[in-house]
Amino acid sequence: MKRKAFTLIELAIVLTIIGIIIGGSFQALKNMRENAKTAEAKEQIKIARNAILGYVKIWPNLPSTTEFQNDLSPAKNNQNIILYAPDTNLSTLNNDICAYQTTNLQVIDNGMTPPRVINNVAFVLAHEGANYNMQTSVDMNATPYKVQIYGAGEQVDDNITPVNRIEIYDDIVDWVTIEELHQNVDCSENMLKILNDPTLPRDINTHVNYVGARLFADGGFPFADSDADGEVDYEWCIKDHTNAVSWLNTNTCNGALNFVPDCTTATYSRCSSPSLGSLSNPVAGSYRLEVYVRDQVKEISKSFTLTIDAYGGGSASGTLPNGASCTADNECISWSCNGGICANPQPNKGDSCDSNADCVSGDCNTASGKCK
Numbered sequence: 000m001k002r003k004a005f006t007l008i009e010l011a012i013v014l015t016i017i018g019i020i021i022g023g024s025f026q027a028l029k030n031m032r033e034n035a036k037t038a039e040a041k042e043q044i045k046i047a048r049n050a051i052l053g054y055v056k057i058w059p060n061l062p063s064t065t066e067f068q069n070d071l072s073p074a075k076n077n078q079n080i081i082l083y084a085p086d087t088n089l090s091t092l093n094n095d096i097c098a099y100q101t102t103n104l105q106v107i108d109n110g111m112t113p114p115r116v117i118n119n120v121a122f123v124l125a126h127e128g129a130n131y132n133m134q135t136s137v138d139m140n141a142t143p144y145k146v147q148i149y150g151a152g153e154q155v156d157d158n159i160t161p162v163n164r165i166e167i168y169d170d171i172v173d174w175v176t177i178e179e180l181h182q183n184v185d186c187s188e189n190m191l192k193i194l195n196d197p198t199l200p201r202d203i204n205t206h207v208n209y210v211g212a213r214l215f216a217d218g219g220f221p222f223a224d225s226d227a228d229g230e231v232d233y234e235w236c237i238k239d240h241t242n243a244v245s246w247l248n249t250n251t252c253n254g255a256l257n258f259v260p261d262c263t264t265a266t267y268s269r270c271s272s273p274s275l276g277s278l279s280n281p282v283a284g285s286y287r288l289e290v291y292v293r294d295q296v297k298e299i300s301k302s303f304t305l306t307i308d309a310y311g312g313g314s315a316s317g318t319l320p321n322g323a324s325c326t327a328d329n330e331c332i333s334w335s336c337n338g339g340i341c342a343n344p345q346p347n348k349g350d351s352c353d354s355n356a357d358c359v360s361g362d363c364n365t366a367s368g369k370c371k
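Position 302, counted from 1, in the sequence shown is what numbering that gives the first Met the number 0 calls 301; the numbers after and before it change by one each time, with no gaps.
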């Protein structure tokens with residue numbers, strides 16, 4: 000007898016194969032949809048990030064959450080909003096981003112072991128991902144504020160609006176730190192800095208006082224003029240590492256500016272530009288000073304070297320002024336007793352001379368007219 004149709008077994012096999020194909024197709028379609036949604040989420044986060052970085056090139060502060068959702072977010076129509084969490088100080092109207100070195104916002108990456116902590120975050124962006132469930136939120140009760148993110152496969156839901164459903168975490172999250180933000184807006188042009196070279200003017204210990212130096216700062220967010228010199232002010236402190244420059248004792252900054260062993264606990268002096276000076280003989284040698292300056296926002300420091308050169312191989316310990324009678328160099332303030340009279344320092348090597356007595360070395364090359 001000739002067979003004209005499938006048997007029940009054959010039909011069952013065919014239907015099973017068709018079911019597998021259809022089921023696999025549905026899974027493939029689901030994967031394609033999720034991949035497309037994830038790619039879209041990443042692109043929207045990228046667009047949002049660039050929009051915010053463009054905003055701060057024009058305005059001094061980050062956009063508020065309302066400004067972001069209304070004007071900068073790429074989410075349109077019935078799409079759920081992108082989570083935007085800025086630092087509160089940085090997003091306050093007219094607060095200058097460059098004035099802040101730290102923030103009150105932190106990201107905790109729980110996808111790493113141990114969890115990675117990212118401090119001083121300027122803003123965070125989060126997209127709900129392929130599952131249409133925003134699982135990322137900001138913990139406003141923590142100090143600093145915290146945004147928790149998670150690794151693939153973790154079942155969480157830190158954000159119960161608009162969907163309260165614990166499921167596999169797939170949010171797309173990005174953030175920018177305060178350092179990145181500073182680089183984006185080029186805060187370096189306005190950063191607080193001390194202008195002086197690391198080496199302060201040299202002097203020689205033949206003088207009764209150190210010729211002196213003035214310190215200058217620029218940039219940052221200075222204080223209003225308080226010393227009536229028409230210039231903005233900064234606050235200053237000078238740390239003497241070895242307590243060896245007690246002779247540098249007429250420093251002024253709208254009043255006395257004394258050296259201290261530790262500027263972290265010292266009272267700062269406020270002026271535009273402090274001056275360093277001395278009414279006592281400096282001791283020959285090289286000294287390290289650390290100058291601290293601060294504005295309304297931050298504090299910086301810079302180390303300086305101050306060199307006092309010895310004159311004639313000795314210390315200028317004399318007290319007699321120029322013109323006074325003397326018998327030896329060390330009786331004179333100038334360390335120069337020339338012909339029984341205190342006078343200005345004698346010429347050094349290479350300086351012009353008429354006789355041996357004119358030279359520190361006591362040797363004048365009469366042929367060249369120069370001290371040896």
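Cβ coordinates follow ideal geometry from the N, Cα and C atoms, glycine included.
- For G110, which residues of its own chain have a beta-carbon under 8 angstroms away from its beta-carbon, when the five flanking residues on both sides are left out? Residues of the same chain with a CB within less than 8 angstroms of the CB of G110, apart from the 5 flanking positions on each side, are I148, Y149, G150, A151 and E153 in chain order.
- Task: Check whether the stretch 177-192 touches the stretch 92-101, taking contact to mean three or more Cβ pairs, one atom from each stretch, closer than 8 angstroms.
- Result: yes
- Message: In the DSSP output, what is E289 paired with across the bridge?
- Response: K238 and S302
- Query: By the 10 Å Cβ neighbour count, where 16 or more other Cβ atoms means buried, how is S271 classified, buried or exposed?
  - Reply: Buried, since its Cβ has 16 or more Cβ neighbours within 10 Å.
- Message: Do T135 and D157 count as a contact pair if the criterion is CB distance below 8 angstroms?
- Response: yes
- Could you work out which residue in F67, A129 and S285 is closest to L199 when comparing CA atoms only? S285
- Message: Under 8 angstroms, with one C-beta from each stretch per pair, do the stretch 42-55 and the stretch 10-18 reach the 3-pair mark?
- Response: Under the three-pair Cβ rule at 8 angstroms, the stretch 42-55 does not count as touching the stretch 10-18.
- Message: Taking the alpha carbon of E127 as the reference point, which residue from V106, A283, I44 and P113 has its own alpha carbon closest?
- Response: Measuring from the Cα of E127, the nearest candidate turns out to be I44.
- Query: If you pair each beta-carbon of the stretch 219-235 with each one of the stretch 285-296, do three or more pairs fall below 8 angstroms?
  - Reply: yes
- Message: Looking at the strands, I want to know which residues DSSP matches up with T251.
- Response: A255 and S274
- Query: Grouping DSSP H, G and I as helix and E and B as strand, with all else coil, what is A47?
  - Reply: Residue state, collapsed to three classes: helix.
- Limits of the beta strand (DSSP E) - the one that V296 falls within: Element bounds for V296: n/a, residue is neither H nor E.
- List the residues that DSSP assigns as beta-bridge partners of V13. Looking at the DSSP assignment, V13 forms no beta bridge with any residue, so it has no partner.
- Message: Classify D86: buried if its beta carbon has 16 or more other beta carbons within 10 angstroms, exposed otherwise.
- Response: buried
- Item | Local conformation of Q68 per DSSP, three classes | helix
- Message: Can you check which of these residues, L275, S187 and A227, is closest to T249 by C-alpha distance?
- Response: L275
- Query: Expressed to the nearest angstrom, what Euclidean distance is found between the alpha-carbon atoms of T6 and I21?
  - Reply: 22 angstroms
- Message: Using 8 angstroms for Cβ pairs, my map puts T264 next to I177. What's the rounded Cβ distance?
- Response: T264 to I177, Cβ: 27 angstroms. No contact.
- Task: Note down the Cα distance separating I117 from T306, rounded to an integer number of angstroms.
- Result: 44 angstroms
- Query: Which word fits N132, buried or exposed, when buried means at least 16 other C-beta atoms lie within 10 angstroms of its C-beta?
  - Reply: buried
- Message: Please confirm whether N79 has its beta-carbon closer than 8 angstroms to some beta-carbon of chain B.
- Response: Protein chain content of the structure displayed is limited to a single chain, and chain B is not contained in it.
- Message: In the DSSP output, which residue or residues are listed as bridge partners for S268?
- Response: W235.
- Item | CA nearest to the CA of N195, picked from S187, F215, E330 and C186 | F215
- Which of helix, strand or coil DSSP assigns to G312: The predicted position of G312 is uncertain, since its pLDDT is 41 and thus under 50; a value taken from the coordinates is nonetheless stated next. Coil, per DSSP.
- Message: Going by DSSP in three states, Y83 sits in which element: helix, strand or coil?
- Response: It is a strand residue.
- Query: Can you tell me whether DSSP reads R32 as helix, strand or coil?
  - Reply: helix
- Query: How far does the alpha helix (DSSP H) with Q182 in it reach, from first residue to last?
  - Reply: I177 to V184
- Task: Please confirm whether V172 and V120 have their CB atoms less than 8 angstroms apart.
- Result: no
- Item | Delimiting residues of the beta strand (DSSP E) encompassing F122 | V120 to H126
- Message: From the DSSP secondary-structure annotation, give me the bridge partner or partners of Y144.
- Response: L104
- Where N364 falls: helix, strand or coil (DSSP): strand
- Message: I need the boundaries of the beta strand (DSSP E) containing V116, first residue and last residue.
- Response: R115 to I117
- Task: Return the residue from the list G322, E39, V155 and N69 that minimises the CA-CA distance to A50.
- Result: N69
- Task: Report all residues from its chain with a CB closer than 8 angstroms to the CB of E299; omit the five preceding and five following residues, and keep chain order.
- Result: This sequence places Ile at residue 299; Glu is not what is there. So the list reads L191, K192, I193, Y291, V292 and R293, once near-sequence residues are dropped.
- Which residues in the same chain as D224 place their Cβ atom closer than 8 angstroms to its Cβ, once the five residues preceding and following it in sequence are excluded? E230, V231, D232 and S271
- Look up I171 in the DSSP assignment and give the residues it is bridged to. H126
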